[in-house]
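Since the structure comes first, as structure tokens, the remarks are kept for the end.
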Amino acid sequence: MPATAVLALTALVAACGGGDDPAPGEGGGESAAGETTGVALTVLIASSGDAETAAVTGAATAWAEETGNTVDVQPAQDIQQQLAQGFAGGNAPDLFYVDASRFADYASAGNLYPYADQLTDPEDFYENLRTTFTFEDQQYCAPKDFSTLALQINNTAWEAAGLTEDDVPTTWDELSTVAKTLTTGDQVGLAMAPTRDRLGAFLVQAGGYWVNEDSTAATAETPENVEALTFVQTLLNDGSAAYPVDLDAGWGGEAFGTGRAAMAMEGNWIRGAMTNDYPDVDYQVVEFPEGPAGKGTLLFTQCWGISADSPNQAAAVSLVDYLATPEQQLANAEAFGVMPSRQSAQEDYVAAFPDDAPFIAGGEYGRGPVVAPAIDPVMLELDAQLEALRTADPTEILQSFDTNAGGIVGG
Amino acid sequence: MATESSGAASGRTRKPRSGGITTGQSRAGWTFVAPSVALLVLFVLLPIALAVWVSFSDWNGRGSPLNPDVNFVGTDNYAQILTEESLIKRDFFTSLRNNGYYVLLVVPIQTIMALLLASILNQQLLKARSFFRTAFYFPSVTSSVAISLVFLFLFSGSGAINEILGYVGLEGPTWFGDSRGLLHQLLGALGVWNIDSPPTALTDTTILGLSAWEWLSGPSVAMSAIIMLVIWTTTGTFMLLFLAALQDVPTEVQEAAMVDGANRWQRFRAVTLPHIRPTVLLVLTLGLIGTWQVFDQIFITTQGGPTKTTLTPAYLSYTYALDNNQWGIGTAMAFILFAIIIFFTVLQRLAFRDRAAARQRRRERAANTAAKKATAQTLTTGAPR
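Heads up: the sequence lines are chains A and B, in that order.
Anchor point for the first sequence: position 172 equals 172 in the working numbering, and the numbering is continuous, going up by one each time.
Anchor point for the second sequence: position 252 equals 663 in the working numbering, and the numbering is continuous, going up by one each time.
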């Protein structure tokens with residue numbers, strides 16, 4: 001029974017590891033523990049590849065030399081499992097990536113040390129990102145960088161369908177028209193994965209979302225959200241949009257790259273994939289068309305988590321401060337294509353990557369993921385239901401989300 | 412003790428019983444097994460005991476499960492899974508439904524196929540026997556991760572399987588992305604119900620978190636691809652067990668049956684099967700235990716999707732514990748699964764009990780005791796009772 005064995009052994013390791021029982025994290029205001037020089041820091045990152053590992057390691061080493069510390073950056077195999085074992089055993093790394101969707105679980109369990117107010121110019125981070133990493137009115141950690149969704153258009157298919165610059169969709173109606181025009185033979189207009197991480201953007205454009213602004217109530221069943229899901233359903237059912245799995249693709253970017261879809265709704269990570277796997281595809285990126293309530297997209301972000309048990313919190317805060325400077329964030333953007341989480345870096349970023357302006361524009365109006373402890377099963381259930389959106393009743397999907405999330409986000 | 416006293420009673424053992432030597436022996440015995448007992452306690456008993464505790468606690472994965480901040484919550488975790496109207500309950504019973512259909516298909520098919528392959532290999536006239544034996548056994552010794560990856564490609568929408576289906580004019584589904592239930596489809600095609608508007612009697616009846624309509628979905632297309640994968644990999648192992656058993660069936664009994672004019676099928680039914688009955692029970696039991704614990708294949712291929720139709724209890728307990736930090740729920744699921752496996756295994760043992768043989772054994776035992784009593788009474792010396 002491998003799964004059960006993992007559970008049992010983790011419990012055992014936890015029971016044996018770390019003699020001192022950590023108290024759950026207290027509120028902010030407490031000063032960071034430990035020295036700021038002569039410390040050996042351990043950093044665990046969920047790296048997207050060698051480029052990211054090298055960039056983070058390089059920056060961390062530069063900090064270490066400057067401040068007289070040493071630092072060990074490890075790329076994780078499975079960061080969630082490694083962190084779970086670390087928290088249980090009381091030997092979690094000092095500094096690690098925390099994905100927005102996991103943040104609330106970790107914060108509510110007291111695994112994170114809240115340090116956001118100790119950073120230089122904390123207000124400079126995008127407000128939407130700061131909200132994402134806020135749990136019970138306290139911002140815990142600094143957003144490392146972020147990504148947003150935008151619309152990718154295959155220029156060759158666009159011209160072949162007789163469309164011009166002026167046809168770039170700015171409203172839902174126009175989107176549905178061009179998607180229909182682009183649907184020919186083997187090619188569908190728009191590829192989007194059937195998950196909350198894509199379809200949620202339509203909800204924002206319609207003026208709704210799964211939860212309210214500060215994630216304290218489930219607000220899925222509203223006329224706006226019904227309208228959004230119905231719009232998606234229509235796209236799917238008239239054949240002008242499809243899920244990647246129906247196009248023999250693992251994700252939207254693959255369907256877009258192979259030419260099975262003329263448009264895709266993906267984030268800035270699609271850049272790397274296009275350069276590496278489909279260098280010959282000529283494409284452009286535009287902002288999402290506006291819905292009834294205006295522009296809307298989704299934000300994806302990670303933050304630098306500092307372990308509540310770490311004896312080196314002061315040094316870790318210093319390292320985060322170093323890594324979160326606009327200069328360092330721009331260097332990371334250069335190295336592995338992420339967008340800076342500081343507004344002061346936006347101008348330089350757009351200057352350096354003019355093509356990415358539609359992505360970074362989303363930082364202003366995008367919504368982050370639903371943040372609440374133990375929300376994940378509810379979101380998975382939502383995804384499962386969205387997969388069947390073609391034939392399902394949008395109102396029922398939204399209702400069932402409200403029911404499932406109700407007990408958790410206190411709606 | 413029982414054997415000693417009966418030995419003394421029948422007067423065969425004349426040696427004086429020396430307590431000193433036996434205690435010494437048992438001490439030596441314990442010393443010899445001490446390392447393995449220690450390992451068992453450390454790596455089996457302790458973790459299980461801790462997991463039991465976790466399943467009754469609100470441990471959230473922070474610090475030791477035995478630290479003072481962890482509270483005993485009684486059967487709350489079990490109640491959330493089994494009785495309360497919650498998403499957890501719905502998830503769990505969905506996973507039981509999926510795994511139930513999976514077991515129902517995998518265990519019989521793999522057992523019959525293994526027996527069939529073993530019977531073919533057991534024929535005296537077969538050429539290149541060792542080649543086939545290796546070929547059939549090969550999938551079983553290959554890593555399940557590697558095989559799952561290969562199947563992912565084989566069963567992709569434009570994969571080899573659909574290509575072959577295309578030659579005969581069939582359009583294959585996108586296997587691992589298809590959540591349609593086979594039973595729904597089959598009975599829909601037979602006109603029993605209309606899939607697009609299922610009978611309200613079924614959709615409105617809710618049993619254990621799922622509607623009757625959902626319970627009757629059958630395995631999804633995605634699950635059936637995993638079923639094929641698993642049958643293909645495990646059949647070889649069980650074939651080997653059957654082959655060993657078949658080679659133990661005495662030839663003279665077979666020949667005697669032949670002389671009596673029994674045909675092939677009659678010989679198989681009346682001679683071979685009874686001989687390999689213990690092996691059949693073993694294969695069924697191992698199959699049952701293994702299939703209720705299916706994890707690797709799910710983890711690699713679908714991770715519970717599409718629309719949760721390949722979610723299994725083992726995978727679900729893993730995600731609740733490690734992904735959601737709900738360790739109590741995760742471990743409680745594992746123990747419920749454990750209870751289910753024990754239940755079905757015992758049930759199977761009872762169903763498979765050789766009734767005639769059991770009666771025979773009981774009669775022999777009764778006769779033995781009676782005989783012993785008689786001997787003890789005739790001997791006047793030293794019967795302690």
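No residue lacks a Cβ here, since even glycine has one placed at the ideal position from N, Cα and C.
Predicted, not measured: the structure shown is a model, and the values here were computed from it.
Residue span of the alpha helix (DSSP H) that contains residue i, given as start and end
i, result
"B:A725", "724–729"
"A:E387", "376–387"
"A:T422", "A query on residue 422 of chain A cannot be resolved here, the shown segment of chain A reaching from 1 to 411 and no further."
"A:A220", "Careful: A:A220 lies outside any alpha helix (DSSP H) and carries neither H nor E."
"A:L398", "394–409"
"B:T721", "Looking at the DSSP string, B:T721 is not in any alpha helix (DSSP H), and its letter there is neither H nor E."
"A:T132", "127–132"
"A:G272", "270–277"
For residue i, three-class secondary structure by DSSP
i, result
"B:L621", "strand"
"B:W604", "coil"
"A:D21", "Any reading at A:D21 is ruled out, since the residue's pLDDT is 41, under 50, leaving its predicted position unreliable."
"A:M192", "coil"
"B:Q714", "coil"
"A:P122", "helix"
"B:Q404", "Since the first and last residues shown for chain B are 412 and 796, residue 404 of chain B lies out of range."
"A:I360", "helix"
"A:L44", "strand"
"B:W626", "helix"
"B:G739", "helix"
"A:Q152", "strand"
"A:D355", "helix"
"B:I523", "helix"
"B:K783", "helix"
"A:R75", "First, the amino acid is wrong: residue 75 of chain A is Pro here, not Arg. Note: A:P75 maps to strand in three-state DSSP."
"A:P143", "strand"
"A:T325", "coil"
"B:R764", "coil"
"B:L537", "coil"
"B:S421", "Any reading at B:S421 is ruled out, since the residue's pLDDT is 46, under 50, leaving its predicted position unreliable."
"A:G58", "helix"
"B:A778", "helix"
"B:I687", "coil"
"A:G294", "strand"
"B:S468", "strand"
"B:W676", "helix"
Of the listed residues the options, nearest to residue i (C-alpha basis)
i, options, result
"A:A191", "A:P358, A:N154, A:A220", "A:N154"
"B:I637", "B:A460, B:R766, B:N471, B:V514", "B:V514"
"A:A241", "A:A361, A:A179, A:Y115, A:E287", "A:A179"
"A:S48", "A:L203, A:F336, A:A255, A:A308", "A:F336"
"B:W676", "B:S530, B:F467, B:S466, B:R473", "B:S530"
"A:N212", "A:A92, A:A84, A:V317, A:A372", "A:A372"
"A:T403", "A:A384, A:F202, A:V378, A:G200", "A:V378"
"A:E445", "A:L319, A:D248, A:G305", "Residue 445 of chain A lies beyond the residue range present for chain A, which begins at 1 and ends at 411; the question has no answer from this structure."
"A:P93", "A:I306, A:A352, A:E65, A:I397", "A:I306"
"B:N482", "B:S506, B:W464, B:I606, B:R688", "B:W464"
"B:N533", "B:A769, B:S728, B:L657, B:T718", "B:L657"
"A:T391", "B:I606, B:G739, B:A490", "B:I606"
"B:L722", "B:G472, B:F504, B:S475", "B:F504"
"A:F96", "A:I45, A:A374, A:A264", "A:I45"
Residue range of the beta strand (DSSP E) that includes residue i
i, result
"A:D99", "95–99"
"B:F564", "First-last for B:F564: 555–565, but that is the alpha helix (DSSP H), not the beta strand (DSSP E)."
"A:A262", "261–267"
"B:G580", "Neither: B:G580 is in no beta strand (DSSP E) and is coded neither H nor E."
Interface partners of residue i on chain B, CB under 8 angstroms
i, result
"A:D246", "G568, T585, G588"
"A:E387", "S590, G716, P717, T718"
"A:A333", "Those within 8 angstroms of A:A333 in chain B number zero; the least Cβ separation is about 30 angstroms."
"A:Q81", "L733"
Chain A residues whose Cβ lies nearer than 8 angstroms to that of residue i
i, result
"B:T648", "Residues of chain A passing the Cβ test: none, with the nearest at roughly 17 angstroms."
Neighbouring residues, chain B, relative to residue i (Cβ below 9 angstroms)
i, result
"A:E381", "L498, R501, D502, K719"
"A:N404", "S497, L498, R501"
Closer than 7 angstroms at the beta carbon, the chain A residues around residue i
i, result
"B:T735", "Residue identity differs from the one stated: residue 735 of chain B is Asn in this sequence, not Thr. What B:N735 touches in chain A: D105, A374, D376, P377."
Listed by chain order, chain B residues near residue i by CB distance under 7 angstroms
i, result
"A:Q77", "Going along chain B, no residue has its Cβ under 7 angstroms from A:Q77, so there is no contact; the nearest lies around 13 angstroms."
Counting pairs of Cβ atoms below 8 angstroms between the stretch 225–233 of chain A and the stretch 198–215 of chain A, do you hit three or more? yes
Could you check whether the stretch 134–152 of chain A touches the stretch 94–112 of chain A, counting it as contact only if at least three pairs of C-beta atoms, one from each stretch, sit closer than 8 angstroms? yes
Cβ pair count under 8 angstroms reaching 3, the stretch 124–133 of chain A against the stretch 289–301 of chain A: yes
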